[in-house]
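Notes follow once the structure below has been shown.
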Amino acid sequence: MAKIRALVVEDSLTVRRRLCEVLDADPEIEVVGEAEDGKQAIERCRDLRPDVVTLDMMLPVMSGLAATEYIMAHCPTPILIVSSSTNRGELLKTYEALAAGAVDVLEKPRGDATDAAWEERVRVAVKLVSKIKVISHPRGRLGVLGRAPGAGGAQSVELSTGSGTYRAVAIGASTGGPAAIVEILRSLPDPFPLPLLLVLHIGEPFGGAFADWLDGQTRHRVAYARDGELAARAAGRVVMAPPNRHLEVRGGELHLSSAPERHFCRPSVDVLFESLAHEYGAASVACLLTGMGRDGATGLLAVRSAGGLTLAQDEATSVVYGMPREAAMLGAAASVLPLAEIGPALAALACGDANRGR
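The numbering of the sequence shown is numbering that gives the first Met the number 0, which starts it at 0 and goes up by one.
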């Protein structure tokens, strides 16, 4: 079996050598090239055509973000960000790179006793990321995320709307989620008349500032949930599960918990969706987006079984057709839509509710 061909991009010689040693020690991986700045990364990616790139964000000559934008626009290659993530500025650049098409993010080695576990994580991550079939991403050619905030999207899509009166919309996503979430939010009217609850798999230490970053990408206000706040007061806002905390709706309030992981995930999409089904029943809307694994599939089925409206992203537009595929196999999704049609569909649904209310 052919080895996975990896390109390692890192300006620190010490860290670069460490990454190369760890990857080359795996019989399934071969490091075919190294680069110490963003410009070299682009040149070697174009020349070597690796199966995967490990990429630092803070690079000389050309940043990791700029390199990501170019690579994903002109020679699409699965990118694993390997970042120290020590400050807010680097975190924000990491989110930008994920939105530009990078697949996942992993911390750099710490140089302590935890490195043995890190070695296994980086090898597993490189193998998983290398298998993802990425496509050309428009950001490098068209500017930030391809269009300005508030720009028009696809035509409205008509859905079978079940009960016709909804109390909340919940969205779950994992790998490929940042760009997908931004595209959906940019298709929604401002203000959006329903609470919009969001779970994204992005763990510590990388999730700490994601809500702040997302808040700046569209017209919609985004913040992490506060335990005990009234769910109804979230109308017109996007409320996210914080890193390492489950988000649920119970008794008309939003609740955060450190309950056990579901499918190795905390926050879990299943936990949010199941709580929505229990709290609102047929007045629930749940949408499952791109992601690796199966989190969210049984929760989406719970919402559909309760009479709520369920959507899932289709295979063609998913970075990873894992979570939506599991949902489709369970019959959990009433509608399976391309990403460009999900936002307009939710907008039409919510506007229909608003018109009925008047």
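Quick reminder that beta carbons are idealized off the backbone N, C-alpha and C, glycines included.
In terms of Cα proximity to Pro190, the closest of Gly176, His200 and Ala349 is Ala349. Proximity of the stretch 226 to 244 to the stretch 287 to 304 falls short of the contact definition, fewer than three beta-carbon pairs being nearer than 8 Å.
Membership of Arg4 in any alpha helix (DSSP H) is not indicated; the residue belongs instead to the beta strand (DSSP E) covering Ile3 to Val8. Along the stretch 280 to 314, the alpha helix (DSSP H) occurs as fully enclosed runs of 4 or more residues at 296 to 304, listed in sequence order. In the three-state reduction of the DSSP assignment, Val198 falls in the strand class, which pools E and B. Under DSSP, Thr53 forms a beta bridge with Val7 and Leu79. Restricting attention to Arg265, Leu275, Leu58 and Thr53, the CA atom closest to the CA of Pro242 is found in Arg265. According to the DSSP assignment, Ala101 belongs to no beta strand (DSSP E), since it is labelled neither H nor E. Counting C-beta pairs closer than 8 Å gives three or more between the stretch 215 to 226 and the stretch 246 to 260, which meets the contact rule. Residue environment for Arg261: buried (at least 16 other C-beta atoms within 10 angstroms of its C-beta).
A distance below 8 Å separates the beta carbons of Glu278 and Val248.
Nearest Cα to Met56 within the set Cys74, Arg48, Arg17 and Asp10: Asp10. Contact annotation: Ala281 and Gly306 have beta-carbon atoms nearer than 8 Å. Across the set Leu336, Ala222 and His245, the C-alpha of Leu336 shows the shortest separation from the C-alpha of Ile183. Excluding its 5 nearest sequence neighbours in each direction, Arg4 has C-beta neighbours in its own chain below 6 Å: Glu29, Val31, Pro49 and Asp50, listed in chain order.
For Arg45 and Pro177, the gap between their C-alpha atoms comes out near 26 Å. Cβ-Cβ distances below 6 Å link Ala66 to Gly37, Ala40 and Ile41 in the same chain, with the five nearest sequence neighbours on each side left out; the list follows chain order.
A Cβ-Cβ distance of about 5 Å is found for the pair Leu90 and Ala208, placing them in contact under the 8 Å criterion. Annotated three-state conformation of Tyr69 is helix, per DSSP. Between Pro194 and the set Gly292, Ala332 and Ile170, the nearest pair of CA atoms involves Ile170. The DSSP-derived three-state label of Ala169 is strand. The alpha-carbon of Val81 is positioned some 10 Å away from that of Leu18. Assignment of Ser129 by DSSP, reduced to helix, strand and coil, places it in the helix class. According to the DSSP assignment, Glu20 belongs to the alpha helix (DSSP H) that extends over Leu12 to Asp23. The criterion of a C-beta distance shorter than 8 Å is satisfied by Leu22 and Arg122. If you compare the alpha carbons of Asp269, Glu27, Phe272 and Thr93 with that of Asp211, the shortest gap goes to Thr93. Collapsing the DSSP output to three states places Gly342 in a helix. With a cutoff of 8 Å on beta-carbon distance, Leu79 and Thr53 are scored as near each other. When rounded, the separation of the alpha-carbon atoms in Asp114 and Lys107 is 9 Å.
Here Glu27 is exposed, its C-beta having fewer than 16 other C-beta atoms within 10 Å.
Annotation: Ala124 to Gly330 spans about 30 Å, alpha carbon to alpha carbon.
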